[in-house]
Amino acid sequence: MRIKVLLVDDHLVVLRGLQYFLEIQQEIEIVGQACNGVEAMQKVEQLKPHIVLMDIQMPVMNGIEATKQITKRYPEVKVIILSSFSDRDSVIQAIREGAIGYQLKDVEPVVLAETIMAAMHGNRTFHPEATNHLVLNVTGRTEPGKGLEQLTPKEREVLYQITLGQSNREIAEQLFISEKTVKTHITSILGKMELQDRTKAAVHALRNRWFES
């Protein structure tokens, strides 16, 4: 029996790429595609896939909420997250809501196929970065200050201002730099911290007590 897979992503080029590779796998059959969480739920009802390959950031309903709804309504369906993001919050929330696997979009195609086949047999497979987050979450380690050293002095100043709830304009005035420069620093900060937005960066910094004396 071939593994029936539903692809869920809001980028057509991603869907095409996934279908191109996966449909040549003898063990896998692509039964459909969806571009958001709501459509994914409808397709699960219609197509009865074994596996759902789910993106996180999508319009209408994100992948984490869709994972929660699908695994609750259809416990026999396995959801694997395939995302560009590997931040702690995304990983933990996805697994908490029922995802059986978590891979990044830069994963080797053969590894993705192996992840799908493993999920079909009830086995969990995670990207190394996701595994690290899970281990730290289980052990309760917060590792204060980890990651702060990779930020430049100015980026640390900007991040500190973000934790105070300052806007880009207020940060620019406080640090005597332009708003454009502030945005550049924030983009760099998020990239280094592997986070999606400034709110998560602030929460991460506060949780890890980066700026406590």
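Residues 121 to 333 (this note's numbering) make up the sequence shown, in order. C-beta atoms are modelled at their ideal positions from N, C-alpha and C, and glycine is treated no differently.
Query                                                                                                                                                    : Result
Using 9 Å as the threshold, is the C-beta distance between I105 and T187 below it?                                                                       : Given a span of 121 to 333 for the chain in the structure shown, any question on residue 105 remains unanswerable.
Closer than 8 Å is the cut-off here; do at least three beta carbon pairs connect the stretch 274-288 with the stretch 302-315?                           : yes
Give me the Cβ distance between I144 and R122, rounded to the nearest whole Å; I'm assuming they're in contact under 8 Å.                                : At roughly 12 Å, the Cβ-Cβ gap does not stay under 8 Å, so I144 and R122 are not in contact.
So, with DSSP's three-state summary, where would you put V282?                                                                                           : Reading off the sequence shown, one finds Ile at residue 282, where the question assumed Val. It is helical.
Looking only at its own chain, which residues have a Cβ that is under 7 Å from the Cβ of I150, when we skip the five neighbours before and after it?     : V125, L127, Q139, L142, E143
Is K206 helix, strand or coil by DSSP?                                                                                                                   : The identity of residue 206 in the sequence shown is Ser, whereas the question assumes Lys. Here S206 sits in coil by DSSP.
What separation, rounded to the nearest whole angstrom, lies between the Cα atoms of T301 and Q153?                                                      : 40 Å
Any idea what DSSP makes of G221, helix, strand or coil?                                                                                                 : strand
Skipping 5 residues on each side, what residues in its chain have a beta carbon closer than 7 Å to that of T262?                                         : Interpretation of T262 is limited by its pLDDT of 46, a score under 50 that renders its predicted location unreliable; no figure is taken from the coordinates.
Going along the chain, which residues of its own chain have a beta-carbon closer than 8 Å to the beta-carbon of S298, five neighbours each way excluded? : A292
Would you mind listing the alpha helix (DSSP H) stretches within the stretch 166-200 that are 4+ residues and don't spill past its ends, in chain order? : 183-193
Roughly how many whole angstroms lie between the Cα atoms of R136 and G311?                                                                              : 27 Å
Do you know offhand how far M161's Cα is from E217's?                                                                                                    : 15 Å
If we ignore side chains and look at the alpha-carbon of each, how far apart do V227 and V180 end up?                                                    : 26 Å
Give the secondary structure of L271 by DSSP, where H, G and I count as helix, E and B as strand, and everything else as coil.                           : coil
Ignore the nearest five residues each way along the sequence and tell me which others in L279's own chain have a CB closer than 7 Å to its CB.           : L271, I309, A321, A325
How is F246 classed by DSSP in three states: helix, strand or coil?                                                                                      : strand
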